[in-house]
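First residue of the sequence shown? That's 1 in full-length UniProt numbering, and the numbers climb one at a time after it. Backbone N, C-alpha and C fix where the C-beta goes; we use that ideal spot for every residue, glycine too. Note that the structure is a prediction, hence the values are computed from the model and not measured. In what follows, a structure is listed as structure tokens, so that the remarks can point back to it.
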Amino acid sequence: MEEDQEQTGMVDAARARELTEQLRTAIEDVRAAVLVLARRVRAAHQARVWTVLGHPSWSAYALAEFGISRSTAYQLLDLAAVAEAIEDTVQAELGVSHTWDSTDLVLPVRAVVDLKGRTAELTDLIAERLTDAHQAAGGTALPVGAVGGIVAAAVAEVRARPDVPAAELETGPAPDGITTEAWRRHVAASRDAITQQRAAELGIGTLALEVVPAYVSDHQAENEGLFMTQQNRPAVGEFSPQRVRSPLPSAT
């Protein structure tokens, strides 16, 4: 239709508002669709529908039935897991469900990748913030927008946190002969290195799922990709002066 065709040039305020409202409606439709998709994906995977329909794996099922790649098939599962965890947390804390469906929260692929393996961390933070907000409101029901804002803020905060919790890299006082400031810089550099390594592992794992031959199972592909990245990986916390490649300033 003409109204859906791309327009060029300036428009008046009334048309600009009309286009904005159309965009708002489209975004809301996408949000609702993503949440419905997440629930359907989760239900299909839990029911192992691919085995009933004669497919060898979830990714083979997704490719044959919907034409999506192996990595996308697993990203859908990750999206479903995060969305379900958030929804369950909101329901448990407030006693209601789907309260954030119409809010401003959108979980793009990048956010889902960042949150993978950190769902418990995210839901703990959401639960804590919802409890505080509920108490601050005197026990009254929180507006939908407030719930969505809390969830969105928690997602952003967890994504912004270092990939390795600080407690994992707690190394105690600086070793003898090394200044405290130099030791802190070393620990910070080690934390950054682990963050970068884990990001590389994720990329290699995703690549492994995309490029392996069809006869290799998903489980084998994931394991081989992980094995490749872990050959030279030090155990978390193994930060000693002997592992430092450049000399640290002495305390003298």
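Going straight from the alpha carbon of T123 to that of A141, what length do you get? 20 Å
Exposed unless 16 or more other CB atoms sit within 10 angstroms - verdict on Q22: exposed
Assign L190 to buried or exposed, taking buried as 16 or more other Cβ atoms, counted over all protein chains shown, within 10 Å of its Cβ. Note on identity: in this sequence residue 190 is Ser, with Leu being the wrong assignment. With 16 or more Cβ atoms within 10 Å of its Cβ, S190 is classed as buried.
Kindly indicate which three-state DSSP category H45 falls into: helix, strand or coil? helix
The alpha helix (DSSP H) enclosing G118, as first and last residue numbers: Inspection of the sequence shows that residue 118 is occupied by Arg rather than by Gly. Note, R118: premise wrong, no alpha helix (DSSP H); not H, not E.
C-alpha distance - V113 paired with L77, whole-angstrom precision: 11 Å
So the candidates are A83, L79, A154, A44; which of them puts its Cα closest to the Cα of E65? A44
Integer Cβ distance of V151 from I86, believed to fall under 8 Å: 6 Å
Residue nearest to A146 in terms of C-alpha spacing, selected from R159, V90, A160, A38: V90
Enumerated in chain order, which unbroken segments of the alpha helix (DSSP H) with a length of 4 residues or greater are wholly contained in the stretch 118-147? 119-136
Excluding five sequence neighbours on each side, which residues of the same chain lie with their C-beta closer than 8 Å to the C-beta of A160? none
Using the rule of at least 16 other Cβ atoms within 10 Å of the residue's Cβ for burial, across every protein chain shown, is L115 buried or exposed? buried
State the DSSP-derived secondary structure class of S71, mapped to helix, strand or coil. helix
Using a Cβ-Cβ cut-off of 8 Å, state whether A189 counts as contacting chain B. Among the chains of the structure shown, chain B does not appear; only one protein chain is present.
My guess is that L94 and H55 are in contact by the Cβ rule of under 8 Å, so how many angstroms apart are they, rounded? Actually they are not in contact, since the Cβ atoms of L94 and H55 sit about 39 Å apart, beyond 8 Å.
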